[in-house]
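Visitor: Here you go, one structure.
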Amino acid sequence: MDTFSWKPALIGLMFSILGFQDIVSQSFIMPKLLIKLSDKQIAILGMVSEIIGYSFIAASAVFSLSPLLIVGMLMFGFGDSIFGPSFNGMLSKSVSSNEQGRIQGGSQSIQALARMIGPIIGGQIYVSLGHAAPTFMGMILIVAAIAVLYKGTYETV
């Protein structure tokens, strides 16, 4: 909002488009990806797409170009929409059937905590370091997650 002075209606439209994109990605694209790629490969593809999206969002803040923001949000939205299901699939396959609830519940708890803490930290980074800074932090964290996922192994049950 600070860079482009978008009104609430336009912001709402953008988030509605992202919601529709999420439905399309998970309904039509994800099933095709599952045929060709493993959960781990889809998760990495999703995270790479998120990094590319963050790059466009950062560039939009630096150069004050709203088309870059739109492209970035769509790229990030696509990555996020395929990452979530593939991550949950990996978690599910990493434990026996009697541990499913515990592992998924723990994962959801950690994600909920991150959704509370992330905006607080991101807001402070935004205020202290500038408009593009939270996207760079996001890119750094996703690169670290890719490294952990790429190096990590799990035993499929």
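Just add 2 to the spot in the sequence shown (first one is 1) and you have the numbering used here. We treat Cβ as the ideally placed atom computed from N, Cα and C, and that holds for glycine. Note that the structure is predicted; figures quoted are calculated from it, not measured.
Please state the DSSP three-state secondary structure of Val-50.
Guide: Judged by DSSP in its simplified three-state form, Val-50 adopts helix.
Visitor: Please state if the CB of Thr-137 and the CB of Tyr-56 are separated by a distance shorter than 8 Å.
Guide: yes
Visitor: Closer than 7 Å by C-beta to Ile-54: which residues in its own chain qualify, once you throw out the five before and the five after it? Chain order, please.
Guide: Taken in chain order, the residues that qualify are Met-77.
Visitor: Is the distance from the Cβ of Val-64 to the Cβ of Ala-149 below 8 Å?
Guide: no
Visitor: Entirely within the region 16-76 and at least 4 residues each: give me those alpha helix (DSSP H) ranges in chain order.
Guide: Segments of the alpha helix (DSSP H) lying fully in the region 16-76: 32-38, 41-65.
Visitor: If you measure between the beta carbons of Ile-19 and Ile-84, is that distance less than 8 Å?
Guide: Judged by beta-carbon spacing, Ile-84 lies beyond the 8 Å limit of Ile-19, meaning their Cβ atoms are not closer than that value.
Visitor: If I follow the unbroken alpha helix (DSSP H) through Lys-153, where does it start and stop?
Guide: 135-153
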